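Trainee: Protein chains in written order, with the working numbering: chain A, 81 to 460; chain B, 200 to 384.
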Amino acid sequence: MSQLVNMARLMQGNEAVAEGALAAGIRFFAGYPITPSTEVAEILAERLPEVGGKFIQMEDEIASMAAIIGASLAGVKSLTATSGPGFSLKQENLGYATMAEVPCVVVNVQRSGPSTGIPTAPAQGDVMQARWGTHGDHPAIALCPASVAECFDLTVRAVNFAEKYRTPVILLMDEVIGHMRERVVLPPADQVMVVDRKKPAVGPDRYYAYRPDEDGVPPMANFGEGYRYHVTGLVHDEAGNPSTNPKIAEQLIYRLHNKIDSRLDEIVAVEEMETADAEVVVVAYGGVARSARRAVKEARQAGLPVGLIRPITIWPFPEQAIHQLADRAKRFVVAEMNLGQLRGEVERVVKGRAMVTGVNRVDGELVTPAEILAAIKEVG
Amino acid sequence: MEKTTELRLSGTGGQGLILAGIILAEAAIIDGFNTVQTQSYGPEARGGASKAEVLISSGEIDYPKVTTPDVVLAMSQEACDKYGRNLHQDAVLLVDSTFVTDPPPAVAKIYHLPLTRIAREQLGKEMVANVVALGALVGMTGVVSRDALLQALLARVPKGTEALNQRAMTLGWEAAQAERQRIIA
Numbered sequence: 081m082s083q084l085v086n087m088a089r090l091m092q093g094n095e096a097v098a099e100g101a102l103a104a105g106i107r108f109f110a111g112y113p114i115t116p117s118t119e120v121a122e123i124l125a126e127r128l129p130e131v132g133g134k135f136i137q138m139e140d141e142i143a144s145m146a147a148i149i150g151a152s153l154a155g156v157k158s159l160t161a162t163s164g165p166g167f168s169l170k171q172e173n174l175g176y177a178t179m180a181e182v183p184c185v186v187v188n189v190q191r192s193g194p195s196t197g198i199p200t201a202p203a204q205g206d207v208m209q210a211r212w213g214t215h216g217d218h219p220a221i222a223l224c225p226a227s228v229a230e231c232f233d234l235t236v237r238a239v240n241f242a243e244k245y246r247t248p249v250i251l252l253m254d255e256v257i258g259h260m261r262e263r264v265v266l267p268p269a270d271q272v273m274v275v276d277r278k279k280p281a282v283g284p285d286r287y288y289a290y291r292p293d294e295d296g297v298p299p300m301a302n303f304g305e306g307y308r309y310h311v312t313g314l315v316h317d318e319a320g321n322p323s324t325n326p327k328i329a330e331q332l333i334y335r336l337h338n339k340i341d342s343r344l345d346e347i348v349a350v351e352e353m354e355t356a357d358a359e360v361v362v363v364a365y366g367g368v369a370r371s372a373r374r375a376v377k378e379a380r381q382a383g384l385p386v387g388l389i390r391p392i393t394i395w396p397f398p399e400q401a402i403h404q405l406a407d408r409a410k411r412f413v414v415a416e417m418n419l420g421q422l423r424g425e426v427e428r429v430v431k432g433r434a435m436v437t438g439v440n441r442v443d444g445e446l447v448t449p450a451e452i453l454a455a456i457k458e459v460g
Numbered sequence: 200m201e202k203t204t205e206l207r208l209s210g211t212g213g214q215g216l217i218l219a220g221i222i223l224a225e226a227a228i229i230d231g232f233n234t235v236q237t238q239s240y241g242p243e244a245r246g247g248a249s250k251a252e253v254l255i256s257s258g259e260i261d262y263p264k265v266t267t268p269d270v271v272l273a274m275s276q277e278a279c280d281k282y283g284r285n286l287h288q289d290a291v292l293l294v295d296s297t298f299v300t301d302p303p304p305a306v307a308k309i310y311h312l313p314l315t316r317i318a319r320e321q322l323g324k325e326m327v328a329n330v331v332a333l334g335a336l337v338g339m340t341g342v343v344s345r346d347a348l349l350q351a352l353l354a355r356v357p358k359g360t361e362a363l364n365q366r367a368m369t370l371g372w373e374a375a376q377a378e379r380q381r382i383i384a
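1. Determine, for glutamate 225/B, whether the minimum Cβ-Cβ distance to residues of chain A falls below 8 angstroms.
2. What does threonine 211/B pair with, by DSSP beta-bridge criteria?
3. Work out the CA separation of valine 386/A and arginine 373/A for me, nearest whole Å.
4. Between leucine 384/A and chain B, is there a C-beta pair that is closer than 8 angstroms?
5. Would you report the Cα separation of glutamate 122/A and glycine 93/A, rounded to the nearest angstrom?
6. Please list, in chain order, the chain A residues whose beta carbon lies closer than 9 angstroms to that of threonine 234/B.
7. Does the pairing of the segment 223 to 231 of chain B with the segment 285 to 302 of chain B give three or more beta-carbon distances under 8 angstroms?
8. Pull up the DSSP beta-bridge partners for glutamine 137/A, would you.
9. Using alpha carbons as the reference points, say which of Val442/A, Ala450/A and Pro449/A lies closest to glycine 205/A.
10. Between aspartate 261/B and chain A, is there a C-beta pair that is closer than 8 angstroms?
11. Short check: CB of leucine 156/A to CB of valine 120/A, under 8 angstroms?
12. Counting only beta-carbon atoms, is arginine 107/A nearer than 8 angstroms to chain B?
13. Kindly say whether valine 274/A, judged by its beta-carbon, lies nearer than 8 angstroms to any beta-carbon of chain B.
14. DSSP has proline 194/A in a bridge; who is on the other side?
15. For aspartate 269/B, which of helix, strand or coil comes out of DSSP?
16. Whose Cβ in chain C lies nearer than 8 angstroms to the Cβ of arginine 335/A?
17. Check for me: the alpha helix (DSSP H) holding leucine 388/A runs from which residue to which?
18. Hey, how far is the Cα of alanine 455/A from the Cα of leucine 206/B?
19. Between serine 48/A and chain B, is there a C-beta pair that is closer than 8 angstroms?
20. I'd like to know whether the C-beta of arginine 380/A is nearer than 8 angstroms to at least one C-beta of chain B.
21. Is isoleucine 382/B close to chain A, meaning its C-beta is less than 8 angstroms from at least one C-beta of that chain?
22. Mind pulling the chain B residues with CB within less than 9 angstroms of arginine 191/A?
23. Please classify lysine 202/B: does DSSP put it in a helix, a strand, or coil?
24. Between threonine 200/A and chain B, is the shortest Cβ-Cβ distance under 8 angstroms, so that the two count as touching?
25. According to DSSP, is methionine 81/A helix, strand or coil?
26. Roughly how far, in whole angstroms, is the beta-carbon of leucine 159/A from the beta-carbon of valine 182/A, given that I think they are within contact range, below 8 angstroms?
27. Between tyrosine 282/B and chain A, is any beta-carbon pair separated by less than 8 angstroms?
28. Excluding the five sequence neighbours on either side, which residues of its own chain have a C-beta within less than 6 angstroms of the C-beta of serine 144/A, listed in chain order?
29. Can you tell me where the beta strand (DSSP E) holding isoleucine 106/A begins and where it ends?
30. Of the residues Cys231/A, Asn173/A, Lys244/A and Leu223/A, which one's Cα is nearest the Cα of glycine 213/A?
31. For aspartate 317/A, collect the residues of the same chain with a Cβ closer than 8 angstroms to its Cβ; drop the 5 residues on either side in sequence, then sort them by chain order.
32. State buried or exposed for serine 117/A, treating a residue as buried only when at least 16 other CB atoms are found within 10 Å of its CB.
33. Along chain A, in chain order, which residues have C-beta atoms closer than 8 angstroms to that of threonine 237/B?
34. Look at isoleucine 221/A and isoleucine 392/A and say whether their C-beta atoms are less than 8 angstroms apart.
35. So what does DSSP say about aspartate 407/A, is it helix, strand or coil?
36. What residues from chain B crowd round serine 371/A, counting only those whose CB sits closer than 8 angstroms?
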């Protein structure tokens, strides 16, 4: 990494994603550029060849997703970046990556929707799509940065989770964070923790591609190195061959879930601010968390017992943290640039122990601190 | 919460306002401040409204957008109509009089400078009007140091254009000084 990266500098969120990807060992990007994620592709197009990596602009987002799956199967850490319309197109292959257990990262810099919406305006309308966009019962990991520095950190974390758990990971950004520039000091390359996927300890003749270790994750052989196995989106046995055996199907689906669900303490991260004595808890993530932090500071200055919880991991949803706060708080105010997608999750966990209200915008503008403060006071 | 200085640079797409915002933010980092820069623009490469915002603070910056601007640059009549009104008493408004013919009344600190005309007539390059504006804006407000602005500017502009850009910044700076003298006198 260049020396420039190691000092204070102005950097854009999307640029920090590209830097984080490189630091985490991403050496393949396939994508179809789309506002407001284009800078990720633009920067990686320039930087990847410098570090021996490859960049391909594909004919569309479906092919982009297929290409990163292929590259990952060949042993190269892979990432793509898109926005809502492209994220929709990637869903089928995203499910394939989950089922075939192919590590990869999909960056979605959310913009106003549905459909092509307002390309340059922010939104958080893909929260549920990040969870349930692809069909069938499946686990999902989605991380949600709220600063430029965190764009770097969470891209590294996303790549590491993908490698460690053999699963696609979504970096769920929004236009505010993707396009915002701010002062950052990035860690030097040798201080970035990088995880690589497990390799088989046995030769090709004894290798079962989908036979898990005790941690539920099967070691992964690179295609092209003598290990021949079948990769499919169909329910499959340990050799990778299709199966309709109910027992095999059940074991596979449970294992896919358990390898994530059994490590929630490792995967789920939240930031809490002033929640210890909070009667009103603001829930916000991504760009809106910036507004929420200011609103909470202003509320505290006015003597109001208000705190903030910010899901850094948005999927799996931080149930435990919300659950604990619900015992003390009188009300939750969920602020988001959609019509209440995460509010529903908060309500599900709070189970009526506290009131849950929302501050919502779908006009392509960031929720303001004043709007959140007003909702806090209404609650008062 | 530490005081944050909020700046809004507004005009038309193609005038280089976002680049100006980036240079200003980079100058703030050189001066040791924290800073956030955001922008809004339409789908056009040129034309349409364009706006860059820069927040400068010695503390944390949470909300990344301008709430109550301390400094507004308006390089089109449309931008001036939209952002030049309802400013607080100590806010500074800099209008490019090349395009802004109908400035808002009752703004305490308003500077009229022909930023684009200076670039066009004295430098032969209208495209450096954004840098003339930066020189003027910093000359008026001292929001960053002149040295930091120059350093940030020279680090961003294409090779071979350093002298032109430095001259543009200086002309803006001098125009602001002259205007200040005139207002004080």
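All C-beta atoms in this analysis are idealised placements derived from N, C-alpha and C, irrespective of residue type, glycine included.
Owing to the predicted nature of the structure, the values given are computational and were not obtained by experimental measurement.
Mentor: Working from what's here:
1. Here residue 225/B is taken as the residue at index 26 of the second sequence, counted from 1. With 8 angstroms as the cut-off, glutamate 225/B counts as an interface residue toward chain A.
2. If you number the second sequence from 1, residue 211/B lands on position 12. DSSP output for threonine 211/B lists Ala248/B as bridge partner(s).
3. Here residue 373/A refers to the residue found at position 293 when the first sequence is read from its first residue. Here residue 386/A refers to the residue found at position 306 when the first sequence is read from its first residue. The alpha-carbon atoms of arginine 373/A and valine 386/A are separated by roughly 10 angstroms.
4. Within the first sequence, numbered from 1, the residue matching residue 384/A stands at position 304. No, leucine 384/A lies away from the interface with chain B (no Cβ there is under 8 angstroms from its Cβ).
5. Counting from 1 along the first sequence, the entry for residue 122/A is found at position 42. Counting from 1 along the first sequence, the entry for residue 93/A is found at position 13. If you take the alpha carbons of glutamate 122/A and glycine 93/A, they lie about 13 angstroms apart.
6. In the second sequence, the residue the question calls residue 234/B occupies position 35. Ordered by position in chain A, the residues that pass the 9 angstroms Cβ test against threonine 234/B are Leu90, Arg261, Glu262 and Arg263.
7. no
8. Stepping through the first sequence from its first residue, residue 137/A is reached at position 57. Gly111/A, per the DSSP bridge assignment.
9. For this step, residue 205/A is matched to residue 125 along the first sequence. Looking at the Cα atoms, Val442/A is the closest of the given residues.
10. Residue mapping note: residue 261/B aligns to position 62 of the second sequence, counting from 1. Closer than 8 angstroms: yes.
11. Translated into positions along the first sequence, residue 156/A becomes position 76. Translated into positions along the first sequence, residue 120/A becomes position 40. Checking the displayed sequence, the identity of residue 156/A turns out to be valine instead of leucine. Not a contact, by the Cβ cut-off of 8 angstroms.
12. If you number the first sequence from 1, residue 107/A lands on position 27. Closer than 8 angstroms: no.
13. Here residue 274/A is taken as the residue at index 194 of the first sequence, counted from 1. Cβ-Cβ to chain B under 8 angstroms: no for valine 274/A.
14. Here the question's residue 194/A lines up with position 114 in the first sequence. Here proline 194/A is not bridged, per DSSP, to any residue.
15. Here residue 269/B refers to the residue found at position 70 of the second sequence. Coil.
16. Of the protein chains in the structure, A and B, none is chain C.
17. Against the first sequence, residue 388/A aligns to sequence position 308. Element bounds for leucine 388/A: not the alpha helix (DSSP H) but the beta strand (DSSP E), 386 to 391.
18. For the purposes of this step, residue 455/A is identified with residue 375 of the first sequence, where counting begins at 1. For the purposes of this step, residue 206/B is identified with residue 7 of the second sequence, where counting begins at 1. Distance between the alpha carbons of alanine 455/A and leucine 206/B is about 28 angstroms.
19. One cannot answer for residue 48/A here, as it falls past the ends of chain A, which runs 81 to 460.
20. Counting from one through the first sequence, the residue named residue 380/A turns up at place 300. No, because no Cβ of chain B sits closer than 8 angstroms to the Cβ of arginine 380/A.
21. For the purposes of this step, residue 382/B is identified with residue 183 of the second sequence, where counting begins at 1. No, isoleucine 382/B lies away from the interface with chain A (no Cβ there is under 8 angstroms from its Cβ).
22. Translated into the one-based positions of the first sequence, residue 191/A becomes position 111. Neighbours of arginine 191/A on chain B: none; closest Cβ ~12 angstroms, over 9 angstroms.
23. The residue you call residue 202/B lines up with position 3 of the second sequence. Coil at lysine 202/B, not helix or strand.
24. Your numbering for residue 200/A matches position 120 in the first sequence. Cβ-Cβ to chain B under 8 angstroms: yes for threonine 200/A.
25. As a working note, residue 81/A is residue 1 in the first sequence. Confidence in methionine 81/A is poor, its pLDDT being 37 and thus under 50, which makes the residue's placement too unreliable to answer from.
26. Here residue 159/A refers to the residue found at position 79 when the first sequence is read from its first residue. Here residue 182/A refers to the residue found at position 102 when the first sequence is read from its first residue. About 13 angstroms; that fails the 8 angstroms criterion.
27. Residue 282/B sits at position 83 when you count from the first residue of the second sequence. Not one chain A Cβ lies under 8 angstroms of tyrosine 282/B.
28. Working through the first sequence from its first residue, we reach residue 144/A at position 64. Excluding sequence neighbours, serine 144/A sits near Ala110, Gly111, Tyr112, Met138 and Thr160.
29. On the first sequence, position 26 is the one that residue 106/A refers to. DSSP places isoleucine 106/A in no beta strand (DSSP E); its state is neither H nor E.
30. Position 133 of the first sequence, counted from the first residue, corresponds to residue 213/A. Considering only alpha carbons, the answer is Asn173/A.
31. For the purposes of this step, residue 317/A is taken as residue 237 along the first sequence, with counting starting at 1. Contacts found: Tyr290, Ser323, Asn325 and Ile328.
32. By one-based count along the first sequence, residue 117/A stands at place 37. By the neighbour-count rule (16 or more Cβ atoms within 10 Å), serine 117/A is buried.
33. Here the question's residue 237/B lines up with position 38 in the second sequence. Here the neighbours are Val256, His259, Met260 and Arg261.
34. On the first sequence, residue 221/A is found 141 positions in, with the first residue counted as 1. On the first sequence, residue 392/A is found 312 positions in, with the first residue counted as 1. No; because the gap between Cβ atoms is not below 8 angstroms, this pair is not in contact.
35. The residue labelled residue 407/A in the question sits at position 327 within the first sequence. Three-state result, aspartate 407/A: coil.
36. Taking the first sequence and counting its residues from 1, the one referred to as residue 371/A is at position 291. Those are Asp261 and Tyr262, listed as they occur along chain B.
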